[in-house]
Amino acid sequence: MHPQQTRHGASMPSDLAIPPSQQYAPSRSPTPPATSDSPNPVDMKVGSDIDYPETPITAPATPPTTPPLTSASLVPSVEVQDITPLSPASKYPYFSSALPDPIRELTADQLAIAMTAQCKAPLLDSKIVFPWAHGLHPSNRAQCYFFAGANPSALRPPQLSRSLLIIRVGPSNSRKAWVRGAVRPDEVLDMIEDKFLEADVRVGVGLRNFGIQVRKWVRHADVVVYGAPGTKTEEVVKVARRVCRAQEDERRNGNTKEEYATFLMADPFEAFEQKYFSLVSVSSKGMPTPHALDFLSEEREQMRILTTASPIAPNVYMGNTADLDSSPYSSTPASPMIRPVGLSSTVATDADAGSTDVDDIDSIDSNDDLTSSRWDVCIEARPDVDVPSPNMLVKVSEALESMNGPSPRKTVHFDFPASGTLGPQANARPGWAERCLGVCKWLYEQTTGDQHGQVKEDKDGDGDVDMVHNKRRKLKVLLHCGDGYTETSLLGLMYVIYAHAWTAEEAWVNMHKEPLSRNFFAYPSDVRALNELEPLLLKNSPANKRDLRSLPRQGWFPYGMTFSKFDGSLPSRILPHLYLGNLLHASNPALLKQLGIRRIVSVGERPTAAECRGEDVIACKRTEQTNAGKFEWLYIDKLQDDGVDSLNGEMIEECLKFLDAGYRQGTPTLVHCRVGVSRSASICIAEVVRRLQISVPRAYLLARARRLNVIIQPNLRFMYELMLWEEVERKRRGEGGADCGREMEWVHLAREINALNQVYMS
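With the sequence shown counted from 1, adding 570 to any position gets you my numbering.
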């Protein structure tokens, strides 16, 4: 029901589409939509790291950037005696007797009580909520038949419990004064007619209609309207009247049996903020609070932590662009360097906080006063650039030589083609392979102090480059791109083949394993490029002492597949003991053994036995009895990614028990379905919730970031059922006290997932 989606160069499934008027324009470095918890993601600061349970697996788990919101931080000390404190509405006075619409008034204290009660109220069983939540429009026969069959009663709204929705009135572009979970008026209201926006899907079958949840649930909610500071009272009242009339329209048309009310908070936002700060996501001054969870910012922060600079060879690091601000020589962050956009090959100096084109290299002043040490060389992987030529490397070397004095270090910048843009079938310029070798040689010489050190300029123009003896200090080099893996993977793999004299197959596995433990994502074209580069790199590798004719081959490809046909992907390491992958990964036991994986959870899909050979055949047992040399395997049957099948608590617990056994043994487990984005991703999210004791929204973002270039997309029902399971999980770990509550409501979670997905839609 879904293709494999990627963060770059691929669109999201059609069932995620929302009307053009509500879409956010995507870009390579997208600006997040203005949501209630999205005040300014670029400037957001997150909390401190949390402590993790001890693990028998040596590779450390990367901690989330914010602590789990416990009962003390999630809800205020507000006594709640009624699970639905806003009902009946007659308990509250009218806002104004002069208004024809029955708008009620409440105080900041009463709103806090209502919000606290809402986050503690149990969610309805998924059998009640679905298929209604999928959005069954009577005219959409395909959607109705797919989810409801011949059952017309499924089209009627179920008997839902009362919920709460908060609407913030104020300038649409303002990022100030947001109560947690608040929405804009135009997200739920037809601003021309006094009606709620249509919610159900008219065309197509959609399993992931996260974008319609706010519009569906507002019809079954009491609505509280408040104004941001500076908003005129008449503007707030105008919106409240529209809501009141929309609720009346729903009752008149028989869409709801309950009578829901509209409330207006009489106290100013500042009063609410001062007393109930934990229920505020963005302050009156526009500052995100510790209780805000901005999905785009958090996803990027998780990716930044995952791909922070780490060595892949002596003095050569792979990292993300944020690592430009850190120094490999000191733990003290360096001040930012600025690079003009549009220069394909540049040299930057710290003195002017800028960059200089390599053609103007002579203009660099080696006596500029610097305040901190930096990387010596930063190579950014970018699309639409060529492999550096020998002459350019000469100029870079000369620039480095001019800086190699008593003055503090400066940083030289130049570019290399991004992953997916090189190779025999990628329209690469003739001689690209020889140039790649030249870059590897240059890197090795600059970072190891090799006495064959410096490149000599090609004066005769024949392309040959002479080498001269030149002892120099060992330089620190950073290979980087925006997210730390998408564009740099080809360059990193290419260099480790040369520097370590690994075959391409060895490089793929060794880069991922300890001691490098580097996460990367390669494209099929990168496999072809490295397949062609490998003989050239190994022949010239200073570390190679092997006969090229007898190089070992890993043999970890599925039956009948060679390295040249390999698609480049590896399972994603979510936690040290937990991998998320697809059916192809599970059908490749030799590869799993290379990665140290000896346990498999198959969620709804069986590994293909024909892909396995000899002693590698997976032990197809549901128990944990292990045959020598084979795999422990758990198969979860009868679970399809169709929005109909239920991911119930028993299934989740069976999987988590199996995962915990592997955790205690120190043996990693692969969890997979067909594509590795929905069923298996849901199980991984549950394991992250339990292992790290964080909420479902935070676990979702962590798993999403660590799946690298593949975007996880549990279907709508699975995400809801994870929220249901989390209620039981909180009680299991002793958070069932008076202050226990959800970090985020279902409609808010769905809204944030939808907004995050729009960023990656083309």
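Built from N, CA and C at the ideal position, the CB exists for glycine as well.
Since the structure is predicted, the reported quantities are computational estimates derived from the model, not experimental observations.
Report yes if the C-beta distance between residue i and residue j is below 7 angstroms; otherwise report no.
{"i": "residue 1003", "j": "residue 1103", "result": "yes"}
{"i": "residue 1171", "j": "residue 1254", "result": "no"}
{"i": "residue 704", "j": "residue 1213", "result": "yes"}
{"i": "residue 1071", "j": "residue 1100", "result": "no"}
{"i": "residue 514", "j": "residue 1326", "result": "Because the chain in this structure spans residues 571 to 1332, residue 514 falls outside the shown range and cannot be described."}
{"i": "residue 735", "j": "residue 793", "result": "yes"}
{"i": "residue 1175", "j": "residue 1243", "result": "yes"}
{"i": "residue 1098", "j": "residue 993", "result": "yes"}
{"i": "residue 1249", "j": "residue 1209", "result": "yes"}
{"i": "residue 856", "j": "residue 745", "result": "yes"}
{"i": "residue 1247", "j": "residue 1206", "result": "no"}
{"i": "residue 1251", "j": "residue 1144", "result": "no"}
{"i": "residue 771", "j": "residue 710", "result": "yes"}
Whose CA, out of the options, lies closest to the CA of residue i?
{"i": "residue 960", "options": "972, 687 and 1006", "result": "1006"}
{"i": "residue 1316", "options": "768, 969 and 1286", "result": "1286"}
{"i": "residue 1245", "options": "1159, 759, 781 and 1152", "result": "1152"}
{"i": "residue 1234", "options": "887, 1148, 1138 and 677", "result": "1148"}
{"i": "residue 1282", "options": "1052, 1211 and 828", "result": "1211"}
{"i": "residue 889", "options": "842, 864 and 950", "result": "950"}
{"i": "residue 1294", "options": "654, 683 and 695", "result": "695"}
{"i": "residue 1301", "options": "1319, 885, 1260 and 1057", "result": "1260"}
{"i": "residue 1012", "options": "1065, 1053, 1249 and 1137", "result": "1065"}
{"i": "residue 731", "options": "877, 770, 1115 and 787", "result": "787"}
{"i": "residue 982", "options": "999, 1314 and 962", "result": "962"}
{"i": "residue 844", "options": "698, 825, 859 and 827", "result": "859"}
{"i": "residue 757", "options": "737, 1157 and 771", "result": "737"}
{"i": "residue 759", "options": "721, 744, 709 and 817", "result": "817"}
{"i": "residue 1166", "options": "1115, 1222 and 1087", "result": "1087"}
{"i": "residue 658", "options": "667, 969 and 674", "result": "674"}
Excluding the 5 residues preceding and the 5 following residue i in the sequence, name in chain order all residues of the same chain whose CB lies nearer than 7 angstroms to its CB.
{"i": "residue 1312", "result": "689"}
{"i": "residue 1298", "result": "1219"}
{"i": "residue 801", "result": "739 and 740"}
{"i": "residue 1055", "result": "877, 1089, 1090, 1091 and 1278"}
{"i": "residue 1106", "result": "1003 and 1007"}
{"i": "residue 1318", "result": "751"}
{"i": "residue 1270", "result": "1255"}
{"i": "residue 840", "result": "799 and 854"}
Just how far apart, CA to CA, sit residue i and residue j?
{"i": "residue 991", "j": "residue 1290", "result": "40 angstroms"}
{"i": "residue 752", "j": "residue 685", "result": "11 angstroms"}
{"i": "residue 748", "j": "residue 851", "result": "6 angstroms"}
{"i": "residue 1068", "j": "residue 1059", "result": "14 angstroms"}
{"i": "residue 1096", "j": "residue 810", "result": "57 angstroms"}
{"i": "residue 1240", "j": "residue 764", "result": "52 angstroms"}
{"i": "residue 799", "j": "residue 1085", "result": "54 angstroms"}
{"i": "residue 1016", "j": "residue 1094", "result": "30 angstroms"}
{"i": "residue 795", "j": "residue 678", "result": "12 angstroms"}
{"i": "residue 1237", "j": "residue 1276", "result": "19 angstroms"}
{"i": "residue 1321", "j": "residue 1048", "result": "38 angstroms"}
{"i": "residue 1195", "j": "residue 1168", "result": "Because residue 1195 carries a pLDDT of 41, less than 50, the predicted location of this residue cannot be relied on, and no value is offered for it."}
{"i": "residue 1308", "j": "residue 682", "result": "Caution applies to residue 1308, whose pLDDT of 47 falls short of 50 and renders its modelled position unreliable; the value that the coordinates give is listed next. Their Cα atoms are separated by approximately 15 angstroms."}
{"i": "residue 1215", "j": "residue 1156", "result": "23 angstroms"}
{"i": "residue 913", "j": "residue 987", "result": "Residue placement at residue 913 is flagged as unreliable, the pLDDT there being 29, under the threshold of 50; a coordinate-derived value is accordingly withheld."}
{"i": "residue 1141", "j": "residue 1280", "result": "11 angstroms"}
{"i": "residue 1110", "j": "residue 958", "result": "18 angstroms"}
{"i": "residue 722", "j": "residue 1178", "result": "40 angstroms"}
With 16 other CB atoms within 10 Å as the buried threshold, where does residue i fall?
{"i": "residue 965", "result": "buried"}
{"i": "residue 954", "result": "exposed"}
{"i": "residue 778", "result": "buried"}
{"i": "residue 1323", "result": "buried"}
{"i": "residue 1091", "result": "buried"}
{"i": "residue 1232", "result": "buried"}
{"i": "residue 1046", "result": "buried"}
{"i": "residue 715", "result": "exposed"}
{"i": "residue 1139", "result": "buried"}
{"i": "residue 847", "result": "exposed"}
{"i": "residue 712", "result": "exposed"}
{"i": "residue 774", "result": "exposed"}
{"i": "residue 729", "result": "exposed"}
{"i": "residue 1328", "result": "buried"}
Which residues in the same chain as residue i place their Cβ atom closer than 6 angstroms to its Cβ, once the five residues preceding and following it in sequence are excluded?
{"i": "residue 1204", "result": "1171 and 1228"}
{"i": "residue 1412", "result": "Limits of the chain in this structure are 571 at one end and 1332 at the other, which puts residue 1412 out of reach."}
Within its chain, find whatever has a CB closer than 8 angstroms to the CB of residue i; leave out the 5 residues flanking it on each side and keep chain order.
{"i": "residue 718", "result": "701, 706, 724 and 725"}
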